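Residue numbers (this note's numbering), protein chains in the order written: chain A, 11 to 345; chain B, 2 to 546; chain C, 6 to 553; chain D, 835 to 1163.
As structure tokens, the structure follows; a few thoughts come after it.
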Ligand SMILES: Nc1ncnc2c1ncn2[C@@H]1O[C@H](COP(=O)(O)OP(=O)(O)OP(=O)(O)O)[C@@H](O)[C@H]1O
Ligand SMILES: Nc1ncnc2c1ncn2[C@@H]1O[C@H](COP(=O)(O)OP(=O)(O)OP(=O)(O)O)[C@@H](O)[C@H]1O
Ligand SMILES: [Mg+2]
Ligand SMILES: [Mg+2]
């Protein structure tokens, strides 16, 4: 190694102490302020779910207690009072027909909905990514078998799957586990299709070939080279799975394999609230709003992760700010 | 417009470019008169590409900070509005990028991409634009341009892609052509053809040329003035004759002395050991039916331990295809390859595409180490650092991402990665094409060293005949998918039998600008001869069918 | 039957005399999948079917309680019984014709009844099978080798005689069902008959798409008003669209745009959320018809299952129920009335007011606790309530959770077991699988106590190996005997109070806890005239409706 | 290509048979006495037994399945009481409840669901890709944030709410559109269109959110790539770059996902169909499952399976055309 060569690098080497990949990732993630805000919002939601008993104790309401006196029976059971019966006792009003406390039901509902939908999403993404990768990389036969298996799962309606499960699964299996499993089983196909199609494009790239030459097995190549590139579509799609899973959870309740009443869940609340959006709008808007905030915060976090995972996008992001500054200075200069 | 012609086409004053804390270009000033040609040579990573980008304002919204002033054809690039910039880009000044594969949209036919760009500036019907695309493709020497215009970039060889980019630039008939290493993937005959073409255009249309190159010979053949760069600064600038003939700066002298000579052969092949790889009658056919194309057509070769097989040949003759088949990345259509468990590696022709943009280069280099089961982080870092250092990169840039590197630097990362695996055989596909001669000499020396130490077998695909001579024991000349001539280096270089080999040798650029002009004329003649020959061959084929 | 089918008098904008002409639209939720008279299970001949099928007798097309009477239709009277009401004889009116102009004969009525015994055409009410001599063995005309069912005689084309195996004073009610519609043997196409049944009524079927999803009925030129005192048949044609969502039906009716101004629904109530809106709109409220159909929703116990074998536990629950919560769960006081009697609160059923275990509006937890303590459950009790998963229904999770909450106050912890509809029906109707504590409903096949009480409380109607409705497995000889006694009466007015008395007596055993009777609230289009809602069906009678 | 078609055909047969087996097994295990349901609640045990025989429910499940397979390939005969109903191959059996061949029922319903799916598909692709494109183009700005918010609202609101709101606004209140109703295209193309417009819009509003998000994210990925730089350097407008070059990079996931969605939607957009009173396959499925009408359920599920396989095959072919680096498998 010639001295000259080493020296020639010195100019370029005047950089801050290098950071490892993970640390760089965090740095890039934290650089996005919206992500921090969204993460805090999401954490708050999780906190609300975990602290549901505490919060309802604070309010002094039981999520399952009926208050027939608070609804107008002759008018179909609309909550008495304005804004769905909001009062000091019932912070967010009461449910039509039953008069159950909405705040209590919402925070308890967060437990089921966030827990089930979130875990199910993770499982779905895991299954989807694994099978999608296997289909794309495992050769023609693996692709055929997996793709056709996916077709079977896609074509089987939830109704039939629900019926099947009622028949096989013993009552001893805890409901949340069962629901999570069912949702995971019915909902991975989208992820798997996306992963398969993207991986098919990616696998012809030189850097994947290079990794294969490095001596990695297919699995390792998939994990190391393809996964990071697949993160963008998978995260984007995965975030959308959360509200989709909340609806599946509600649909499962119809089939009798869902959360058992009277336990509340956002999905069920949304479904029940459907017809009430005119006469008792808060009943619909509250769970819908919570779900929306959840999805929005997840979206922003997901978007941030996506950006942080892609060093090129990350540097572009930084630039967006600068270019605006550039534009400003340009404008000033032209005056 | 009239104003523009009176003033300099390009006027760069005190240009500085920083990427974060990296100062890539610092205090660079130069100007270029209309119709003139300026060559920028210099060390890999010295800021050549970065400066070229600045001429088109391409650093805008990328995170780079640019200072100083840049005026191109009367436009202040730094302050121009987006619309003004768009008018400038392509229409007035066109750029040929350094990384040809990644610079084309993989989803669209090449002809369409050229046509699209053409229409933005020249308007006209889609059809006319397509016709124009075919025309320029033909001018840059793409055979059967009408058909090839419909191909996607991945169906092109490295050199063909590079020519496609040149064609794109020429399509709009710009006043200024900024060509960043435009001939790195071209064999010498095609390279000469391209350089002649550029020369011709300058004469016909008065196009200005800013040629970034590491190849002093190329500069000598095509420019009036040279600018020598190092570490982001100009070290010397002047008429090509003076700078190359009587260099003042120490760095320029060093550079010139490192230029490999056609007659400088490798120290006699140590000992040709047992065969590492034997290929028999390899064929590769792309596509099916009518659109099928035979890229490699009955190639047999053997690579032995401790030996270097140089492969030279026309752009698009199937060198990359052959190399990929040898390492097993591409299935053969027919023929057999015996590797007997030889650990093989490849240095890819396109360094950008061969590096995962999401992983730091250190991690990419560490890949083979991790794959072989090394878990100790410290050891990995140490070993990768050592490798980076050996290819002339700063080990501290372990955690940097590929897009933060210059073309030549990425190429060296690719070499480091291939070496990390400690393979027995490496197929190097144009491994030094983007390196300045000093770095190039250093890297070839490194390979030779390893070969001596480990008995490494090398397949060295390159278009630079001098380099090939320097590193190879034997050399194979490829044309149209076949090996037209094979033998010991001295034999092939000394007494070439095949006319194509002779033509190749004749086309090697010389560092002497005067000689270059003479040879340009001679080449023209030879080319015409060859074209007649090819026509005859084509007719024979038709007759046989 | 157990189905909540249909009910009473709306105040449509009925100014001006109704006129003939126009097209009536019917916007329904459930398609008329069965349109074969043999397969239909209707109360009083149904609404749409009775436009096409005339029967020996029919329901009186009058509003309110008058509408619970049975009147002659094809026959000249409501039937002549023999002394002990085991033989019933009917004579046809003159000039009765099918849509093709051919005459209607009693042989066709006999054939129509016989068809309903065929396995291919199952689905009707069980009474013919249970009452006709030999009915339990008969397998229908396709398998009898042309012999027919001997207990139906047709001495001539105008006379038909039914031989029953026991006295049945309510036979005239049975003769209102569509199985008594004539079917010409030559036109019988078996399972395909429903796509074009031969009309004997004022309208004929010109279109039956997608298994009853879209029906178009047009005037039957061979129907004569002179022979039919009941059906008014004002519109020229009737267009029945079904498969519509309930909220969309109500939207369309309230908007009343274009053809929807002449639209009604025969199966869709206003939902609870819609009630609140309609209530605030005078014009809309004027277009709502309210009706009562004989139906009761109740809690059923299986006294073979612990702890419900203990009457005290059952009574405790009867005291603890919160009827206002239960009523709210199905839409509030406008859509349901709290019930303490099993019989619906109508005179025709013999309604006799009683409340053996007064729970007040929202339950008497104290009294319930007291009883539980007596029963040895001083520390409370945990039980499982089985319900259907059908959302929003009277047997669904909403009512179940309302009860759960009410019983909690009495120290009873209720676990819920929701079953999918089929599973639920099969479970609660199977003597071997029947759970101890579940939700149930029962509706009238005709407005009388007989079909209301007997299937539920008559010990001889316990079905061991099939669908059982006597869920309390009650087999009380005194009850059985009283049922037989009342059935002998052909004076229905005299029979009614005795059903009421029987209901009160059975109520003491607390094998069921009545919860509520549904109320029907339905919108009609703004051009609809002559809305008649009888207490028999609880919904407007489309044979009376006019659109002009 | 021939190889591809043959393999796909084989795959389709496999999928359809697998689906039918699963449905048979589920219905075998699921609660609910079919004969009782078909016969009616108040049937006597003897009558139930007759129905049981008539429907051949007494046979072991594999025999029933065998009959089904026979019908599929050779047709079957069924008694209609007075005579015999012949069900030509491919016979999916006779509906327990409707007494007509399942194939006929499905053939009747297909145009209905087909109209719904195809219209909605076109709309949601346009809407989804358009929104995604716009938000990638205007990335970082207020427009993008608004679009993101709107798509997410669209996605997290139940179709029932969206649909009903649309009906109330456009049909009841404004009266601009007729209440949704299916009219066969062949009867009256205009009515067909207006009657289906709202169902299409509601479905599209919900489905398009997915596409919008995906398109946007894939496009941002592509925008970071080097070839985009080339087109910038040649003066292409941002709009052209986003709309053409970046969009092309987003095509892969969109094709994959839309095949899946369109295919599975042939199994019925149950909620949409029932809200808008469109008697399509989804409604049929729900009704049939409720009534344990096994032959119809098998038929519907197999139809869905068929369309899923078909859509995927089309997607793969399209995809190989769009990206020639991918080989058709
Ligand atoms: N996006 C970036 N971020 C950080 N550093 C960068 C970036 N782009 C270039 N650099 C650094 O700037 C310096 C100049 O790069 P440039 O690409 O101009 O080199 P070059 O002269 O073209 O070299 P080569 O001949 O190898 O292509 C190099 O050291 C490179 O590592
Ligand atoms: N995937 C492909 N599909 C179709 N044709 C291809 C494909 N890959 C390469 N080719 C064709 O095969 C021929 C040989 O290509 P190859 O890349 O091996 O050339 P090369 O000798 O490496 O050229 P260069 O020096 O320009 O890199 C070219 O004509 C090219 O167009
Ligand atoms: Mg460069
Ligand atoms: Mg090559």
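Don't be surprised by glycine CBs; every beta carbon is placed ideally from N, CA and C.
If you're wondering where the values come from, they're calculated on a predicted model, not measured in any experiment.
Span of the alpha helix (DSSP H), counted from its first residue to its last, around residue 300 (chain C): Locating residue 300 (chain C) in the third chain gives position 295, counting from the first residue. No alpha helix (DSSP H) contains residue 300 (chain C), which is instead part of the beta strand (DSSP E) from 300-306.
Ligand 2 heavy atom lying under 7 angstroms from the CB of residue 211 (chain A): Counting from one through the first chain, the residue named residue 211 (chain A) turns up at place 201. False, no ligand heavy atom lies under 7 angstroms from that Cβ.
Under 7 angstroms (Cβ pairs) to chain D, residues found in the region 58-77 of chain A: none
Members of the region 327-352 of chain C that neighbour chain A once the beta carbon cut-off is set at 9 angstroms: 327, 329, 330, 332, 333, 334, 335, 336, 337, 338, 339, 340
Local Cβ density within 10 Å of residue 48 (chain B), reported as buried at 16 or more and exposed below that: Here residue 48 (chain B) corresponds to residue number 47 of the second chain, with the count starting at 1. Buried, since its Cβ has 16 or more Cβ neighbours within 10 Å.
Three-way DSSP call (helix, strand, coil) for residue 548 (chain B) in this model: The requested residue 548 (chain B) does not occur in the structure, where chain B is confined to residues 2 to 546.
Cβ-Cβ separation, residue 482 (chain B) to residue 295 (chain B) (assumed contact under 8 angstroms), whole Å: Within the second chain, the letter at position 294 stands for residue 295 (chain B). Within the second chain, the letter at position 481 stands for residue 482 (chain B). Confirmed, Cβ separation roughly 6 angstroms.
CB contact below 8 angstroms: residue 217 (chain B) versus chain D: The sequence position of residue 217 (chain B) within the second chain is 216, counting from 1. Residue 217 (chain B) does not count as touching chain D.
Segment limits, alpha helix (DSSP H) that includes residue 177 (chain B): Against the second chain, residue 177 (chain B) aligns to sequence position 176. Per DSSP, residue 177 (chain B) belongs to no alpha helix (DSSP H); it is in the beta strand (DSSP E), 177-181.
Coil, strand or helix - residue 201 (chain C) by DSSP: Residue mapping note: residue 201 (chain C) aligns to position 196 of the third chain, counting from 1. Note: residue 201 (chain C) maps to coil in three-state DSSP.
Whether residue 865 (chain D) touches residue 427 (chain C) by CB criterion (8 angstroms): On the fourth chain, residue 865 (chain D) is found 31 positions in, with the first residue counted as 1. On the third chain, residue 427 (chain C) is found 422 positions in, with the first residue counted as 1. Yes, they are a contact pair.
Residue 404 (chain B) beta carbon near ligand 1 (any heavy atom closer than 7 angstroms): As a first step, residue 404 (chain B) is located in the second chain; it is residue number 403 there, counting from the start. Flag set: Cβ of residue 404 (chain B) near ligand 1.
Contact residues within the region 994-1016 of chain D, judged by C-beta distance below 9 angstroms to chain A: 994, 995, 998, 999, 1002
For residue 231 (chain A), the first and last residue of its enclosing alpha helix (DSSP H): Counted from its first residue, the first chain places residue 231 (chain A) at position 221. Where residue 231 (chain A) is concerned, the enclosing alpha helix (DSSP H) stretches over 228-231.
is_contact[residue 941 (chain D), chain A] using C-beta, thresh 8 angstroms: To locate residue 941 (chain D), count along the fourth chain from 1; it is residue 107. Chain A, which has no Cβ nearer than 8 angstroms to the Cβ of residue 941 (chain D), makes this no.
Residue nearest to residue 146 (chain B) in terms of C-alpha spacing, selected from B:12, B:176, B:113: Position 145 of the second chain, counted from the start, is the residue given in the question as residue 146 (chain B). For residue 146 (chain B), the nearest C-alpha among the options comes from B:113.
Rounded distance between the beta-carbons of residue 422 (chain C) and residue 540 (chain C), thought under 8 angstroms: Here residue 540 (chain C) is taken as the residue at index 535 of the third chain, counted from 1. Here residue 422 (chain C) is taken as the residue at index 417 of the third chain, counted from 1. Not confirmed; about 36 angstroms, so no contact.
Element boundaries [beta strand (DSSP E), containing residue 1 (chain B)]: Since the first residue shown for chain B is 2 and the last is 546, residue 1 (chain B) is missing from the structure and cannot be characterised.
C-beta neighbour in chain G for residue 1070 (chain D), strict 8 angstroms: Included in the structure are the protein chains A, B, C and D, with no chain G among them.
Any non-hydrogen atom of ligand 3 closer than 7 angstroms to residue 408 (chain B) Cβ: The count along the second chain starts at 1 and reaches residue 408 (chain B) at position 407. Residue 408 (chain B): yes, Cβ under 7 angstroms from ligand 3.
Residue 173 (chain C) - DSSP class collapsed to helix/strand/coil: In the third chain, the residue the question calls residue 173 (chain C) occupies position 168. In this structure, residue 173 (chain C) counts as coil in the three-state DSSP scheme.
Residue from D:1148, D:1156, D:1125, D:1133 with nearest C-alpha to residue 869 (chain D): The residue given as residue 869 (chain D) occupies position 35 in the fourth chain. Ranking the options by Cα distance to residue 869 (chain D), first place goes to D:1125.
CA-to-CA distance, residue 373 (chain C) to residue 71 (chain A), given in whole angstroms: The count along the first chain starts at 1 and reaches residue 71 (chain A) at position 61. The count along the third chain starts at 1 and reaches residue 373 (chain C) at position 368. Answer to the nearest angstrom: the Cα atoms are 25 angstroms apart.
Euclidean distance between Cα positions of residue 108 (chain C) and residue 100 (chain C): Taking the third chain and counting its residues from 1, one reaches residue 108 (chain C) at position 103. Taking the third chain and counting its residues from 1, one reaches residue 100 (chain C) at position 95. The straight-line gap from Cα to Cα measures roughly 7 angstroms.
Short Cβ contact (8 angstroms threshold) for residue 554 (chain B) with residue 485 (chain B): Absent from the structure is residue 554 (chain B), since the part of chain B shown begins at 2 and ends at 546.
Separation of residue 1042 (chain D) from residue 461 (chain C), as counted between CA atoms: For the purposes of this step, residue 461 (chain C) is taken as the residue at position 456 of the third chain. For the purposes of this step, residue 1042 (chain D) is taken as the residue at position 208 of the fourth chain. Distance between the alpha carbons of residue 461 (chain C) and residue 1042 (chain D) is about 53 angstroms.
Residue 446 (chain C) - containing alpha helix (DSSP H), residue span: Within the third chain, the letter at position 441 stands for residue 446 (chain C). Taken as a continuous stretch (DSSP letters only), residue 446 (chain C) belongs to no alpha helix (DSSP H), being part of the beta strand (DSSP E) at 442-448.
heavy atom of ligand 2 below 7 angstroms from residue 100 (chain B) C-beta: By 1-based counting over the second chain, the position of residue 100 (chain B) is 99. False, no ligand heavy atom lies under 7 angstroms from that Cβ.
Three-state class that DSSP yields for residue 958 (chain D) in the structure shown: By one-based count along the fourth chain, residue 958 (chain D) stands at place 124. Residue 958 (chain D) falls in the helix class under three-state DSSP.
DSSP-derived helix/strand/coil call for residue 158 (chain C): Numbered from 1 along the third chain, position 153 holds the residue referred to as residue 158 (chain C). The answer is strand: DSSP assigns residue 158 (chain C) an E or B state.
Per-residue burial, residue 24 (chain C) [other beta carbons within 10 Å of its own, 16 or more giving buried]: As a position in the third chain, residue 24 (chain C) is number 19, starting the count at 1. Under this definition residue 24 (chain C) is an exposed residue.
Length of the line joining the Cα atoms of residue 93 (chain B) and residue 105 (chain B): Taking the first residue of the second chain as position 1, residue 93 (chain B) is located at position 92. Taking the first residue of the second chain as position 1, residue 105 (chain B) is located at position 104. For residue 93 (chain B) and residue 105 (chain B), the distance between alpha carbons rounds to 20 angstroms.
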